[in-house]
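With positions in the sequence shown counted from 1, the corresponding number in the numbering used here is that position plus 179. Glycine included, C-beta positions come from ideal geometry on N, C-alpha and C. In what follows, a structure is listed as structure tokens, so that the remarks can point back to it.
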Amino acid sequence: GYSHFFGHWDLKFMARNVFFINSFMIPTAGLAAFASFKGVTAMWRKMSENAGVGEALYRPSVPQFVKEFLWPSLVEIVQHDRFKKCETNQDRTRGHQPLMWSFIGLFFVTTYSFVSQDILGYFIPSLHGPMSMLNPVKIVANVAAIALLVGIAILWKNRNEMVEKKQAGNTFYDWFLIWMIAGVGVTGLGAEVLRLIGVVKLGYLVYYLHLVSVMMLFLYMPYTKFAHLVYRTCAMTFEKYRDSAYVKNPVNNG
180 GYSHFFGHWD
190 LKFMARNVFF
200 INSFMIPTAG
210 LAAFASFKGV
220 TAMWRKMSEN
230 AGVGEALYRP
240 SVPQFVKEFL
250 WPSLVEIVQH
260 DRFKKCETNQ
270 DRTRGHQPLM
280 WSFIGLFFVT
290 TYSFVSQDIL
300 GYFIPSLHGP
310 MSMLNPVKIV
320 ANVAAIALLV
330 GIAILWKNRN
340 EMVEKKQAGN
350 TFYDWFLIWM
360 IAGVGVTGLG
370 AEVLRLIGVV
380 KLGYLVYYLH
390 LVSVMMLFLY
400 MPYTKFAHLV
410 YRTCAMTFEK
420 YRDSAYVKNP
430 VNNG
């Protein structure tokens with residue numbers, strides 16, 4: 180594998196590779212999360228003002244809020260219910276759904292690897308890997324990677340067709356997220372294939388490009404069309420909350 184990409188040291192608590200990757204990936208993801216949080220809170224505050232939703236005397240607890248408003252919104256987004264009702268968005272649905280499921284799968288795989296290899300691996304060295312290609316988690320990772328490439332290829336094709344028909348913009352902003360996701364998928368799968376066939380030097384270069392592309396995906400997430408996922412979730416959650424008894428309760432409005 181690429182476990183010695185950043186060299187090796189004798190510190191048993193954490194591999195040098197893990198330390199260096201975490202040293203820039205975690206702050207990058209944290210910055211993206213912070214920027215998204217600030218954006219969502221500002222958006223929620225503004226929507227509340229525009230909708231006349233004041234300070235309610237009775238508000239849902241965090242578990243109630245997640246169960247009644249946030250979770251149903253996430254399910255609706257994953258299932259693309261509203262996209263499916265619009266005939267003009269059918270092609271976008273075919274691209275978005277495999278892409279959405281691929282990110283869910285890759286998030287699961289990343290979380291599993293972090294817990295098993297970087298935490299439990301400290302106590303059970305055999306968990307450090309590399310994983311067998313027949314390992315169920317590895318299979319999920321590869322299926323998710325292929326789904327990512329299929330989804331982004333469909334969206335790339337759709338974007339080209341819309342540009343040709345003058346139905347969409349052709350700016351850097353319009354294309355940047357497509358390029359970034361394609362870069363993550365191609366370099367990730369490419370690094371694995373090159374490792375398996377023993378092309379070491381090129382494999383390390385592609386692995387380096389994969390790390391850079393993943394970091395860029397995190398870093399620019401709040402400022403690209405990827406942010407639509409966050410803000411759309413916020414808007415749909417607010418819609419459900421606005422129409423709920425918590426807001427329309429006469430005690431709250433009186």
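Is it the case that the Cβ atoms of F417 and W280 are separated by a distance below 8 angstroms?
no
Cβ atoms of T207 and F397: under 8 angstroms apart, would you say?
yes
Excluding the 5 residues flanking Y509 on each side, which residues of the same chain have their C-beta closer than 7 angstroms to its C-beta?
Shown here, the chain extends from 180 to 433; a query on residue 509 therefore has no answer.
Classify P304: buried if its beta carbon has 16 or more other beta carbons within 10 angstroms, exposed otherwise.
exposed
Could you work out which residue in T289, Y383 and F216 is closest to L408 when comparing CA atoms only?
F216
Can you tell me which of the three DSSP states H259 falls into?
coil
In chain order, what residues of the same chain lie with their CB nearer than 6 angstroms to the CB of K246, ignoring the 5 residues before and after it?
none
Would you identify the three-state DSSP class for Y387, choosing helix, strand or coil?
helix
Hey, how far is the Cα of L368 from the Cα of A324?
7 angstroms
For R238, which three-state DSSP category applies?
Coil, per DSSP.
For M415, collect the residues of the same chain with a Cβ closer than 6 angstroms to its Cβ; drop the 5 residues on either side in sequence, then sort them by chain order.
S252
Which residue marks the beginning of the alpha helix (DSSP H) containing D422, and which one marks its end?
D422 -> no alpha helix (DSSP H), and no H or E assigned at all.
Proximal residues to M226 (C-beta, below 6 angstroms), its chain only, five neighbours per side dropped
F417
So, A370 versus Y352, is the Cβ gap smaller than 8 angstroms?
no
Inter-residue Cα distance where the pair is L356 and T403
6 angstroms
Please state whether DSSP places T220 in a helix, a strand or coil.
In the three-state reduction of the DSSP assignment, T220 falls in the helix class.
L388 versus T350 - alpha carbon distance
24 angstroms
Need the endpoints of the alpha helix (DSSP H) that E247 sits in, please.
Looking at the DSSP string, E247 is not in any alpha helix (DSSP H), and its letter there is neither H nor E.
Using alpha carbons as the reference points, say which of A406, A424, T412 and G274 lies closest to E255.
T412
If you reduce the DSSP assignment to three classes, tell me which class S311 lands in.
coil
Cβ-Cβ separation, G330 to H275 (assumed contact under 8 angstroms), whole Å
7 angstroms
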